[in-house]
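In this note's numbering, the protein residues as written are 191 to 779.
Ideal Cβ positions, reconstructed from N, Cα and C, are used throughout, including at glycine.
Model, not experiment: these values are computed from the prediction.
Notes follow once the structure below has been shown.
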RNA sequence: GCGGGCGUAGCUUAGUGGUAAAGCUCCAGCCUUCCAAGCUGGUCAUGAGGGUUCGAUUCCCUUCGCCCGCUCCA
């Protein structure tokens with residue numbers, strides 16, 4: 191079965207992660223703690239490489255992205271504004287029969303006759319189940335229907351046949367305790383807070399509640415104005431951040447894939463509203479087809495920016511060794527989108543346990559900044575010189591059309607937030623008037639990636655096993671992690687051919703010290719050379735450098751050269767020590 | 001949160017109501033002129049807590065963790 195094979199692969203990866211020091215269970219000596227994982231020596235290097243590559247790609251190699259590193263605990267109002275407090279702390283009830291889950295406060299109130307049971311008995315075996323249960327029937331329905339449902343419930347509890355006990359009825363008005371679909375009793379409403387809660391200061395009471403951030407993004411929005419001013423960036427530009435986030439997941443699963451403490455790499459890329467683009471450039475450029483749209487252009491609308499970032503991110507993944515064939519793009523359907531999102535593309539990776547999300551690239555309109563503007567009372571709009579200059583040159587009917595479009599968009603947003611129609615209309619009119627003066631709240635494209643799931647993707651993608659037969663005819667399995675050199679935790683293994691020849695060891699240490707400032711290298715002199723190669727293969731080290739007697743001049747023409755061995759095919763070549771650093775740099779970049 | 005399975009060294013497995021075994025790995029020494037060679041020695045385990053028992057890794061209970069399915073996933 192494909193599934194058991196995949197599970198076996200996953201188990202091998204997990205086992206290797208522990209054996210070689212990529213990932214350990216958090217707090218293992220105390221029995222572990224569900225949903226938390228530590229990175230060991232190799233994992234820490236791997237993760238550091240991935241985050242650095244992301245940071246370099248997203249900020250240093252670009253003109254238009256600035257960095258930020260914000261705190262994990264922020265003002266609790268941030269999570270009010272973002273919507274996390276409300277959507278994360280709903281009381282939930284489960285149907286006792288079907289296990290379907292409901293928001294307790296959103297259940298259509300039900301009225302009718304409730305049939306209560308104190309339990310049930312299996313008349314053949316005498317076994318009893320004393321779990322109380324109830325079914326709500328609309329007035330006029332025969333009691334048989336309730337008994338059938340209740341019988342089903344007790345059958346699920348392990349009774350072979352069911353004799354209901356203690357039936358009594360009760361008139362019920364507007365109750366949210368029953369499943370509207372089948373009348374079954376629900377569990378007591380249980381709070382379902384997916385944010386980790388803490389208290390600021392020594393006294394733990396409700397006045398000083400704070401939350402560990404469930405995403406890094408909100409800090410970017412909250413600091414938008416500060417960054418915009420200090421970075422001397424102008425829209426379109428982005429703010430990038432890498433950092434820990436925390437979610438009290440219902441079910442942490444699949445090794446590190448869904449953890450309760452995890453790390454995100456998020457970019458919020460702020461763009462002009464399409465109305466501003468239209469005013470400045472006369473029209474809004476939209477995608478002409480699939481694929482990368484090329485270098486950003488001033489007249490791009492949000493759709494092109496969105497597509498641009500999807501393609502940029504896929505290129506990034508390809509660049510660190512995830513082949514295009516292991517990735518999938520999933521365009522969320524309109525009904526799956528969060529209410530504020532205009533579009534969202536998930537970049538999925540084919541994990542052994544299924545094709546799962548690595549990153550989501552959402553076009554979030556101006557929702558986030560608008561929320562913070564509204565909740566903090568601080569303006570989040572920017573001034574756009576180009577827009578101000580362009581506006582007066584527009585034909586009056588064009589001005590009116592753009593204004594009206596912007597007004598409608600703002601009004602729709604404000605209405606959704608619960609503003610009164612009058613206030614929504616008035617504020618939206620003001621916003622439209624400000625647009626004409628060059629002011630707007632930027633829209634945003636959000637590529638948001640999970641570091642830990644990317645690490646897991648890199649690990650499962652790199653994992654290969656090669657079966658071979660040694661000279662004594664024994665079958666052996668060599669495990670090789672075929673990491674892209676860019677992410678490999680150790681770049682170079684350095685080996686004196688023999689341990690008991692001081693000259694070889696001394697030269698090896700010389701090579702190690704020469705390379706050490708540039709890469710993570712590992713000197714190993716223990717065991718046969720083949721064993722040392724194999725050990726590094728398992729760690730994913732792309733290059734091995736061996737110092738042998740020719741390095742010392744046994745063959746004069748090979749003096750001061752070393753053997754470089756390639757991890758993936760075992761091929762070797764001879765490289766002069768003087769060129770070694772450049773040789774390696776060219777292949778690791 | 002619900003249901004099922006599992007838990008013995010770093011890994012893979014053995015075994016027993018009475019001293020917990022092996023292979024691989026790892027470490028040390030010797031040896032070794034390019035792919036897990038050999039020799040010698042060594043470290044390391046019954047997930048945790050409780051109960052039954054003279055004695056529990058084994059039986060029972062609880063708990064924690066892992067895996068699978070359901071549920072959830074802003």
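Proximal residues to residue i (C-beta, below 8 Å), its chain only, five neighbours per side dropped
i, result
"residue 256", "249, 417, 421, 423, 427, 428, 429 and 430"
"residue 701", "684, 735, 737, 752, 767 and 770"
"residue 209", "none"
"residue 339", "287, 325, 372, 373 and 374"
"residue 773", "754 and 765"
Residue range of the unbroken alpha helix (DSSP H) whose run includes residue i
i, result
"residue 220", "Premise fails: residue 220 is in no alpha helix (DSSP H) and is neither H nor E."
"residue 414", "414 to 420"
"residue 487", "Neither: residue 487 is in no alpha helix (DSSP H) and is coded neither H nor E."
"residue 232", "231 to 245"
"residue 739", "739 to 742"
"residue 769", "767 to 778"
Cut-off 7 Å between Cβ atoms - residues of its own chain near residue i, not counting five sequence neighbours on either side
i, result
"residue 654", "670 and 672"
"residue 704", "771"
"residue 191", "Confidence at residue 191 is low in this model, with a pLDDT of 33, below 50, so its placement is unreliable and the value that follows should be read with caution. Excluding sequence neighbours, residue 191 sits near nothing in its chain."
"residue 657", "665 and 667"
"residue 230", "211, 212, 213 and 214"
"residue 268", "408 and 412"
"residue 562", "271, 411, 412 and 570"
Contact under 8 Å by Cβ, residue i with residue j
i, j, result
"residue 735", "residue 709", "no"
"residue 362", "residue 266", "no"
"residue 359", "residue 305", "yes"
"residue 694", "residue 707", "no"
"residue 570", "residue 577", "no"
"residue 538", "residue 517", "yes"
"residue 461", "residue 492", "yes"
"residue 637", "residue 457", "yes"
"residue 486", "residue 497", "no"
"residue 219", "residue 446", "no"
"residue 327", "residue 303", "yes"
"residue 432", "residue 245", "yes"
"residue 596", "residue 622", "yes"
"residue 501", "residue 481", "yes"
"residue 652", "residue 730", "yes"
"residue 337", "residue 354", "yes"
"residue 308", "residue 356", "yes"
"residue 343", "residue 323", "yes"
Cutoff 6 Å; reference residue i; Cβ partners in own chain excluding five residues on either side
i, result
"residue 233", "212 and 213"
"residue 193", "Confidence in residue 193 is poor, its pLDDT being 46 and thus under 50, which makes the residue's placement unreliable; the coordinate value appears in the next sentence. None."
"residue 762", "753 and 755"
"residue 743", "749"
"residue 198", "none"
"residue 740", "748"
"residue 626", "581"
"residue 532", "553 and 555"
"residue 600", "618 and 621"
"residue 713", "684 and 702"
"residue 477", "493, 494 and 497"
"residue 320", "309"
Integer-rounded CB distance, given that residue j should sit under 8 Å from residue i
i, j, result
"residue 384", "residue 438", "5 Å"
"residue 203", "residue 677", "Residue 203 to residue 677, Cβ: 16 Å. No contact."
"residue 403", "residue 262", "5 Å"
"residue 452", "residue 475", "Actually they are not in contact, since the Cβ atoms of residue 452 and residue 475 sit about 36 Å apart, beyond 8 Å."
"residue 454", "residue 639", "7 Å"
"residue 543", "residue 196", "6 Å"
"residue 301", "residue 379", "19 Å between Cβ atoms; not a contact."
"residue 235", "residue 679", "3 Å"
heavy atom of the ligand ZN below 7 Å from residue i C-beta
i, result
"residue 601", "In the structure shown, the ligand ZN is absent, as is every other ligand, since no ligand is present at all."
Boundaries of the beta strand (DSSP E) in which residue i is found, first to last residue
i, result
"residue 298", "Premise fails: residue 298 is in no beta strand (DSSP E) and is neither H nor E."
"residue 370", "No beta strand (DSSP E) contains residue 370, which DSSP labels as neither H nor E."
"residue 534", "533 to 541"
"residue 806", "In this structure the chain extends from 191 to 779, so residue 806 is not present and cannot be described."
"residue 267", "Note, residue 267: premise wrong, no beta strand (DSSP E); alpha helix (DSSP H) at 266 to 272."
"residue 259", "Residue 259 -> no beta strand (DSSP E), and no H or E assigned at all."
Task: In chain order, each beta strand (DSSP E) run of at least 3 residues that lies wholly inside the segment 590 to 657 - done: 633 to 640
Task: Contiguous beta strand (DSSP E) assignments of at least 3 residues, all confined to the segment 376 to 451 - done: 387 to 389, 399 to 401 and 427 to 436
Open item on the list: I'd like the ranges of any alpha helix (DSSP H) spanning at least 4 consecutive residues and lying wholly in the segment 545 to 590.
Closed with: 557 to 566 and 575 to 580
Task: Those runs of the alpha helix (DSSP H) which lie wholly inside the segment 678 to 723 and span at least 4 residues - done: 692 to 705
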